[in-house]
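Q: Counting in our numbering, the sequence shown runs from 22 upward without gaps.
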Amino acid sequence: MPGWFFIITRSLIFLLLLFITTKILGKKQISELSFFEYVVGITIGSIAGEVVTGLESNLYHGALAICVFGFITFLVNFLSIKSKKFSDLVEGKGTVVIKDGKILENNLKKEKYTIDELSALLRAKDIFRVADVEFAVLEPRGNLSALLKKENRPLTPKDLQMKMGKEKEPQTVIMDGNIMDEPLRWSGKGRGWLYTELEKLGVTLDNVFLGQVDSYGELTVDLYDDKIQVPEAAQRPLLLATLKKTQADLEIFTLATDCDQSKAMYKKNASILQDAIEKLAPFLNG
């Protein structure tokens, strides 16, 4: 048997075996690795390499070794789920490296990290000053979890006691110039509505690379021709502006009339409309 055919055959067999082993072990094997998983991964790769290239002549011994290491990894993962102590032993614990804006040098040295490496991890989270950090933990898998001090955290609608509308998954209704009927139905729209929206935007279906309907029922498109400027959807901001103008007009009518009955009516409806605006504003702000 030619050497090249021998290597190709073994490569295909072990590629399939490694794929099946990884599928059984789960997605955790292709995410960030623990110490144990890192060692096992290197070992399995070395075994497969030796068998494929013929350094290990017995095909079945190599396959058995990979199965054994795969089973051990599966067993370790299973025991880690069942026992916190075993999980801490195999995968390790998180180490606090920053507390109250100060670096804990001893913990940093214990994990064999330098200041530059810690700074790089912070910058990856858009944090450039250690003093801004309330608490930071170096996780067992090498990533950094950081909590900013309250005064340095960005404001959220909840901080401002604003009620926001719930977001739904955007539905892709146009792909490569073709209408996707099922997502269109999921969004509660039809082809007639879609063609009308495309006409409002001044684009043709065959020029749309991607079209999506958001949770507010608005269509956004990405065109093949990037030079064409597509106007942003303005239905919600326009409706909000109309409501505000109507409410302001009612208040003007209240001041302009001398009839007490009309004044009371305008004032009441202006108040009702103001309440409606406050409730609808989170949904209508563009």
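Glycine residues also receive a C-beta, built at the ideal position from the N, C-alpha and C atoms. Computed from a prediction, not measured in an experiment: that's the story for all the values here.
Just to confirm, are L159 and L143 a CB contact at a threshold of 9 Å?
A: Mapped onto the sequence shown, residue 159 falls at position 138. Mapped onto the sequence shown, residue 143 falls at position 122. No, they are not a contact pair.
Q: S236 by DSSP, collapsed to three states: which one?
A: Along the sequence shown, one-based indexing puts residue 236 at 215. Coil at S236, not helix or strand.
Q: Closest by CA to E132, which one among V117, F107, Y237 and A145?
A: Here residue 132 refers to the residue found at position 111 of the sequence shown. Considering only alpha carbons, the answer is V117.
Q: Who are the near neighbours of K308 in its chain, counting only those whose CB is closer than 7 Å to its CB and skipping five residues on each side?
A: Past the edges of the chain, shown from 22 to 307, lies residue 308, and the structure says nothing about it.
Q: Taking 9 Å as the threshold (C-beta atoms), are N228 and I249 in contact?
A: The count along the sequence shown starts at 1 and reaches residue 249 at position 228. The count along the sequence shown starts at 1 and reaches residue 228 at position 207. Yes, the Cβ-Cβ distance between I249 and N228 is below 9 Å.
Q: With 16 other CB atoms within 10 Å as the buried threshold, where does K48 fall?
A: Sequence index remark: in the sequence shown, residue 48 carries index 27 (1-based). At K48 the pLDDT is 46, less than 50, meaning the model places this residue with poor confidence and gives no usable figure here.
Q: Runs of 3 residues minimum, wholly inside the stretch 159–232: which ones carry the beta strand (DSSP E) assignment?
A: Fully enclosed beta strand (DSSP E) runs of 3 or longer: 165–169 and 192–196.
Q: I need the DSSP call for K123, collapsed to helix, strand or coil.
A: In the sequence shown, counting from the first residue as 1, residue 123 sits at position 102. Three-state result, K123: strand.
Q: Return helix, strand or coil for E132, following the three-state DSSP convention.
A: Taking the first residue of the sequence shown as 1, we reach residue 132 at position 111. In the structure shown, E132 sits in coil (DSSP, three-state: anything other than H, G, I, E or B).
Q: Nearest-angstrom Cα distance between Y287 and E299?
A: Position 266 of the sequence shown, counted from the first residue, corresponds to residue 287. Position 278 of the sequence shown, counted from the first residue, corresponds to residue 299. If I take the Cα positions, the gap works out to 18 Å.
Q: Quick check on this structure: which residue in K123, K146, G163 and K210 has the alpha carbon closest to the alpha carbon of Y134?
A: Within the sequence shown, residue 134 is the residue found at index 113, counting from 1. The candidate whose alpha carbon is nearest that of Y134 is G163.
Q: At a cut of 8 Å, does the stretch 259–269 reach the stretch 232–251 through at least three beta carbon pairs?
A: Flag = no, the stretch 259–269 and the stretch 232–251 do not touch.
Q: Whole angstroms are fine: how far does the CA of D147 sit from the CA of Q295?
A: Walking along the sequence shown from the start, residue 295 turns up at place 274. Walking along the sequence shown from the start, residue 147 turns up at place 126. Straight-line Cα distance between these residues: approximately 39 Å.
Q: How would you call I93, buried or exposed, if buried means at least 16 neighbouring beta carbons within 10 angstroms?
A: Translated into the one-based positions of the sequence shown, residue 93 becomes position 72. So I93 ends up on the exposed side.
Q: Grab me the residues of L168's own chain with a C-beta within less than 6 Å of its C-beta, minus the 5 sequence neighbours each way, in chain order.
A: Start at 1 with the first residue of the sequence shown, and residue 168 comes out as number 147. Answer for L168: E155 and F156, listed in chain order.
Q: Looking at Q192 and W214, is the spacing between their C-beta atoms short of 9 Å?
A: Counting from 1 along the sequence shown, the entry for residue 214 is found at position 193. Counting from 1 along the sequence shown, the entry for residue 192 is found at position 171. No.
Q: Since I believe L219 is in contact with M196 (beta carbons under 8 Å), could you give me their beta-carbon distance rounded to a whole number of angstroms?
A: Residue numbering aside, residue 196 sits at position 175 when the sequence shown is read from its first letter. Residue numbering aside, residue 219 sits at position 198 when the sequence shown is read from its first letter. Actually they are not in contact, since the Cβ atoms of M196 and L219 sit about 14 Å apart, beyond 8 Å.
Q: Do G211 and G238 count as a contact pair if the criterion is CB distance below 9 Å?
A: Counting from one through the sequence shown, the residue named residue 238 turns up at place 217. Counting from one through the sequence shown, the residue named residue 211 turns up at place 190. Against a cut-off of 9 Å, the Cβ pair of G211 and G238 comes out as no contact.
Q: Express the C-alpha separation of G198 and S236 in angstroms, rounding to a whole number.
A: By 1-based counting over the sequence shown, the position of residue 236 is 215. By 1-based counting over the sequence shown, the position of residue 198 is 177. One C-alpha to the other measures close to 22 Å.
Q: Would you check if the distance between the CB atom of L205 and the CB atom of V234 is smaller than 9 Å?
A: If you number the sequence shown from 1, residue 205 lands on position 184. If you number the sequence shown from 1, residue 234 lands on position 213. For L205 and V234, yes; Cβs fall inside 9 Å.
Q: Taking 6 Å as the limit between beta carbons, can you name the residues of its chain near A176, skipping five residues before and five after?
A: Residue numbering aside, residue 176 sits at position 155 when the sequence shown is read from its first letter. It should be pointed out that residue 176 corresponds to Leu in this sequence rather than to Ala. Counting only Cβ-Cβ distances below 6 Å, and skipping sequence neighbours, we find nothing.
Q: Three-state secondary structure (DSSP) at D296?
A: Against the sequence shown, residue 296 aligns to sequence position 275. Reduced to three states, the DSSP call for D296 is helix.
Q: For D137, which residues of its own chain have a beta-carbon under 6 Å away from its beta-carbon, when the five flanking residues on both sides are left out?
A: Here the question's residue 137 lines up with position 116 in the sequence shown. Answer for D137: no residue qualifies.
Q: Compare the beta carbon distance of I119 and V151 with 9 Å and say whether it is the shorter of the two.
A: Within the sequence shown, residue 119 is the residue found at index 98, counting from 1. Within the sequence shown, residue 151 is the residue found at index 130, counting from 1. Yes, Cβ-Cβ distance for I119 and V151 is below 9 Å.
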